[in-house]
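Since the structure comes first, as structure tokens, the remarks are kept for the end.
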Amino acid sequence: MIPVLVDSNVIVDFLAERTSFYEEARKLLVFSEFGDYELWMSSSQITDVHYILSNGGRRSELPAAREALRGLRGFVRMCSPGEREVDLALDSTWEDFEDALVYQAAVSIGARAIVTRNERDFSLSSIPALSPTAFFPWFEHRYGRYYEELPF
1 MIPVLVDSNV IVDFLAERTS FYEEARKLLV FSEFGDYELW MSSSQITDVH YILSNGGRRS
61 ELPAAREALR GLRGFVRMCS PGEREVDLAL DSTWEDFEDA LVYQAAVSIG ARAIVTRNER
121 DFSLSSIPAL SPTAFFPWFE HRYGRYYEEL PF
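In structure tokens, the structure reads:
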């Protein structure tokens, strides 16, 4: 399977069902079940997503946020940036440390793409940064796999 790192914004789009972005994020996760690509995120990202889903850690929101993340685990593998990745991110010329760490996590798993809504944030990346919409044409061109959603 081809490793693909998913940025936190795409995960939040899916779990929070953000109207403008939900469908493309959903396709990315659902089509991963065919086994051609494998979705990853880092342990540092999942804490960010949990914080967002729980509205800043509100006690009343914590159970729903955790349940959403439990469901997500069926679709997404986890990697843990360690000392090497943190040091490389700190020593990088990236302005945004969080993005630098996401990039280093992607490098550590041998990711072939980073799927994000903020492609510009990864302008220094040697790994292609693609929106969920751009991912599928890129994947088809690069790997010869085509996905089409059939109406029910």
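Going by the UniProt record's numbering, the sequence shown opens with residue 1, and the numbers climb by one from there.
Yeah, the Cβ is synthetic: ideal placement off N, Cα and C, and Gly gets one too.
Span of the alpha helix (DSSP H) around residue i
i: residue 26; result: 22-31
i: residue 67; result: 62-72
i: residue 87; result: 83-91
Closest Cα partner of residue i within the set the options
i: residue 81; options: 23, 107, 148; result: 107
i: residue 177; options: 28, 129, 17, 29; result: With the chain represented from 1 up to 152, any question about residue 177 goes unanswered, as that position is not in the structure.
i: residue 89; options: 63, 57, 19, 124; result: 124
i: residue 45; options: 77, 19, 27; result: 77
i: residue 140; options: 60, 26, 36, 11; result: 36
i: residue 1; options: 91, 148, 32; result: 32
i: residue 39; options: 147, 10, 60; result: 10
i: residue 137; options: 34, 28, 49; result: 28
Pairwise C-alpha distance: residue j and residue i
i: residue 14; j: residue 55; result: 16 angstroms
i: residue 70; j: residue 43; result: 13 angstroms
i: residue 95; j: residue 122; result: 10 angstroms
i: residue 134; j: residue 93; result: 26 angstroms
i: residue 58; j: residue 47; result: 14 angstroms
i: residue 110; j: residue 21; result: 26 angstroms
i: residue 12; j: residue 65; result: 11 angstroms
i: residue 98; j: residue 86; result: 10 angstroms
i: residue 24; j: residue 6; result: 13 angstroms
i: residue 79; j: residue 50; result: 16 angstroms
i: residue 145; j: residue 60; result: 43 angstroms
DSSP-derived helix/strand/coil call for residue i
i: residue 77; result: strand
i: residue 39; result: strand
i: residue 113; result: strand
i: residue 129; result: strand
Residue interval of the beta strand (DSSP E) (run including residue i)
i: residue 2; result: 2-6
* Between the segment 86-102 and the segment 114-126, are three or more C-beta pairs nearer than 8 angstroms? -> yes
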